[in-house]
Every structure is written in C-alpha cells, then in structure tokens.
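First residue of the sequence shown? That's 1421 in the numbering used here, and the numbers climb one at a time after it.
Input: a single structure, listed below in structure tokens.
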Amino acid sequence: MPSYQATSLDELPNLAAILARTGLGFIEDMIAGRLPCPPIGATLGFRPIEARQGHVVFEGAAQFDATNPMRGVHGGWYGAILDSCMGCAVMTALERGETYTTLEYKVNITRALPLDVPVQAIGTLEHKGRSTAVARGELRGLSDGRLYATGSTTCLVMRPDGA
C-alpha cells in the first residue's frame, strides 16, 4: 500500500501510537501506508520515500503555491523539506518511548530551484545523544544531482514518561 496523507487531526497517530514504535518503525509505517503522512507534505508537495537507520530521503517539487514575490521558490519551501528530512533522520535513531522536536535549523540555498523540478532531500544523522541529536541535509535535483541547498539541525530528544 503506498503512503497517504492525513486529512484531519483524527487521522494523525496519537502519542501512544508514536511511542509504541521505534522512530525508524514509525517512518517505515508512514512510507508503507500503515500510518498516514502529515498533511504538510500534501500542502507543500513532498513525501518520504526511503528510510533506514540514520538516513531518510524525501522527494518533491515546489509548485506555484510556493512562489515568492520575485516569482521564485520561497526560501521557506527549502526549509520545510530540509527540516522534514533532517528531523526524520533523527527520528530513525529514536527508541520506543522517545520523541523529538527541532530546536533549530539552518538552510543555505546554493542556487534557485525552478518550479516543478523534482528534487530529493536527503537527511543524515550525525549524532544522537540522550537529550540532543544533530543531522544534516542536502536538497538535490532528482534527474541531475545538482545541489540546490544544504541544511543542518539540532533536535531535542524527549521521553514523555520522564525517563
């Protein structure tokens, strides 16, 4: 079954469903369609396609709705897809009972991304400790491998049970 996007809050997994899986298992279940992907992917035109320990790949293409006043792709689109792939790379290292949130991220745009150009956002885990994790990301053209942006993130690792 292919992945699908949630269309209401009721379709999103609750905290118990999240904590019952490892982070990698959670992302694998989204990709396989056993869990819905969050709606931001449908809104912005990207989705996860591959996950393994410390590595996640998203694919997408910026559409007209992501343009800025100068007719280019808004920088927030680069940030959203990179934040997603980097955060999910962190998520692949989470144990059952752990969650994460982005503390900060940085994006460096290296060239303008034309509308409708398919890209891959590749997130790679650099470090996961008890309370923080660090990942990096690259946004590359799907057909030619051209680098459009890079990113880095620091995430907070949380244990809702207080452990």
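Where is the CB? At the ideal position from N, CA and C, for every residue including glycine.
Assuming the contact rule is C-beta atoms closer than 8 Å, residue i and residue j should be a hit. Round their C-beta distance to whole Å, please.
i        : j        : result
Ala-1569 : Val-1527 : 6 Å
Thr-1544 : Arg-1556 : 6 Å
Output yes or no for whether 7 Å exceeds the beta carbon distance between residue i and residue j.
i        : j        : result
Arg-1441 : Cys-1457 : no
Thr-1521 : Thr-1552 : no
His-1475 : Ala-1486 : no
Tyr-1525 : Gly-1565 : no
Leu-1576 : Leu-1514 : no
Once you ignore the five residues that flank residue i on each side, which residues in its own chain have a CB closer than 7 Å to its CB?
i        : result
Arg-1579 : Gly-1517, Glu-1518
Leu-1562 : Glu-1479, Pro-1538, Val-1539, Gln-1540
Leu-1559 : Tyr-1498, Ile-1501, Leu-1502, Val-1539, Ala-1541, Tyr-1568, Ala-1569
Gly-1546 : It should be noted that the sequence gives Glu, not Gly, for residue 1546. For Glu-1546, where only same-chain residues beyond five positions count, the Cβ hits under 7 Å are Val-1554, Ala-1555, Arg-1556.
Phe-1484 : Leu-1535
Just to confirm my understanding: we take residue i, look at its own chain, exclude 5 residues before and 5 after, and list those with CB closer than 8 Å. What are they?
i        : result
Gly-1480 : Gly-1461, Leu-1464, Gly-1465, Phe-1466, Arg-1467, Ile-1501, Pro-1538, Val-1539, Ala-1541
Tyr-1424 : Gly-1453, Pro-1456, Cys-1457
Ala-1471 : Leu-1444, Ile-1447, Glu-1448, Ile-1451, Val-1477, Cys-1508, Thr-1512
Gly-1549 : Val-1577
Lys-1505 : The question names Lys, but residue 1505 in the sequence shown is Cys. These residues qualify, in order along the chain: Pro-1468, Val-1476, Val-1477, Phe-1478, Ala-1541, Ile-1542, Gly-1543, Gly-1557.
Once you ignore the five residues that flank residue i on each side, which residues in its own chain have a CB closer than 6 Å to its CB?
i        : result
Ile-1469 : Val-1477, Glu-1479
Pro-1459 : Gln-1425, Ala-1426
Met-1490 : none
Glu-1431 : Pro-1456
Gly-1496 : none
Leu-1439 : Gly-1517
Ile-1529 : Tyr-1498, Ala-1569
Asn-1488 : His-1494
Original post:
Do the stretch 1501 to 1513 and the stretch 1421 to 1435 touch if we need at least three Cβ pairs shorter than 8 Å?
Top reply: no
Subject >> Within the stretch 1534 to 1576, ranges of the beta strand (DSSP E) (whole runs, at least 3 residues) >> reply: 1539 to 1548, 1552 to 1561
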